[in-house]
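When you line the sequence shown up against the numbering used here, it's residues 62 to 258, in that order. All C-beta atoms, glycine included, are put in the ideal place defined by N, C-alpha and C. Here the structure is a predicted model, which means the values were calculated and not measured. Beneath this line is the structure, given in structure tokens, with notes to follow.
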Amino acid sequence: MDMVDVAFSLRGGTIPADHGWHLFRLLAERLDWLAAEADAGVHPIRGARALAGEIHLGARARLMLRLPRERAQQSFALSGARLALGNSVEVGSARLRQLFAHATLYSQFVATGTPDEAGFQRDVSAELERARIGCKVICGRMRHAQTEDAEIVGFSLMLHELSPEHSLRMQAAGLGAGRKLGCGIFIPHKSAGAVGS
């Protein structure tokens, strides 16, 4: 599975910290293939914490999609769009980013359908075993997100001591459910300290 990240610059003020469901709906209106693309993921937008429940979009804020390489060019159609994500957010130019192998990967929100930590860890271990991924696992803070009619509960998660092959496979496949809502998408990280943040 040849996956890449497509990163779009963003311009706007503040957006809800819990924006995954709303963002996906807005993107799916503009990319009619996104909902049906099984391997696609939408990274959570990162920004500085503003008021309770909001994040501020700084100059380095990005909208990032993890996509099969053959879909990357089609996603460029988002450039110039305005998204009603709390305030109006303008999507700028796109850049293609290759995935590279890193021994430590981090996801700020992984959801397996089990709301308690012990059950979550069992789910993660089982999924890694099925995928034949060898690594060490650090479970972090509980996370909550709202969809149209349900709450998603999960945890931040760090995988470390990954081989190059396993690192690329995890970045391509993700872990758990809700990839289009920002869950289960792994990015490289230098420090195990991030898992608790």
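Top-ranked residue by Cα proximity to residue i, from the options
i, options, result
"leucine 160", "Ala145, Cys244, Arg230", "Arg230"
"threonine 208", "Ala120, Met125, Arg86", "Arg86"
"alanine 68", "Gly245, Val103, Leu92, Gly81", "Val103"
"alanine 234", "Glu188, Pro105, Met125, Arg110", "Glu188"
"phenylalanine 247", "Met203, Ser168, Arg240, Arg183", "Ser168"
"leucine 112", "Phe137, Glu226, Pro77, Arg130", "Pro77"
"glycine 81", "Leu220, Glu178, Ser217, Phe170", "Phe170"
"glutamine 182", "Asp210, Ser140, Asn148, Ser217", "Ser217"
"serine 136", "Asn148, Ala238, Leu88", "Leu88"
Within 9 Å, strictly: CB atoms of residue i and residue j
i, j, result
"serine 224", "leucine 166", "no"
"glutamate 222", "alanine 164", "yes"
"arginine 123", "valine 65", "no"
"leucine 118", "glycine 74", "yes"
"aspartate 27", "leucine 128", "Residue numbering for the chain in the displayed model covers 62 to 258; residue 27 lies beyond these limits and cannot be assessed."
"valine 185", "leucine 236", "yes"
"glycine 108", "aspartate 79", "no"
"isoleucine 106", "alanine 172", "no"
"arginine 91", "alanine 133", "no"
"alanine 120", "serine 140", "no"
"glutamate 178", "methionine 203", "yes"
Identity of the residues DSSP links to residue i by a beta bridge
i, result
"glutamate 151", "Arg72, Arg143"
"valine 214", "His205"
"proline 249", "Leu166"
"arginine 110", "Ile116"
"glutamine 159", "Val65"
"alanine 238", "Ala172"
"glycine 102", "Arg127"
"isoleucine 199", "Met219"
"proline 77", "Glu115"
Inter-residue spacing [alpha-carbon to alpha-carbon] between residue i and residue j
i, j, result
"serine 258", "glycine 215", "For serine 258, the pLDDT reaches just 44, beneath the cut-off of 50, and the residue's location in the model is therefore unreliable, although a value from the coordinates is still provided. Taking the straight line from one Cα to the other gives about 14 Å."
"leucine 95", "glycine 195", "31 Å"
"leucine 84", "alanine 192", "29 Å"
"alanine 255", "alanine 142", "Its pLDDT being 47, under 50, alanine 255 is placed unreliably by the model, and the measurement read from it follows with that caveat. Those two C-alpha atoms are separated by around 32 Å."
"valine 198", "leucine 144", "36 Å"
"aspartate 93", "valine 150", "20 Å"
"histidine 250", "aspartate 63", "21 Å"
"glycine 239", "glycine 245", "7 Å"
"arginine 110", "asparagine 148", "15 Å"
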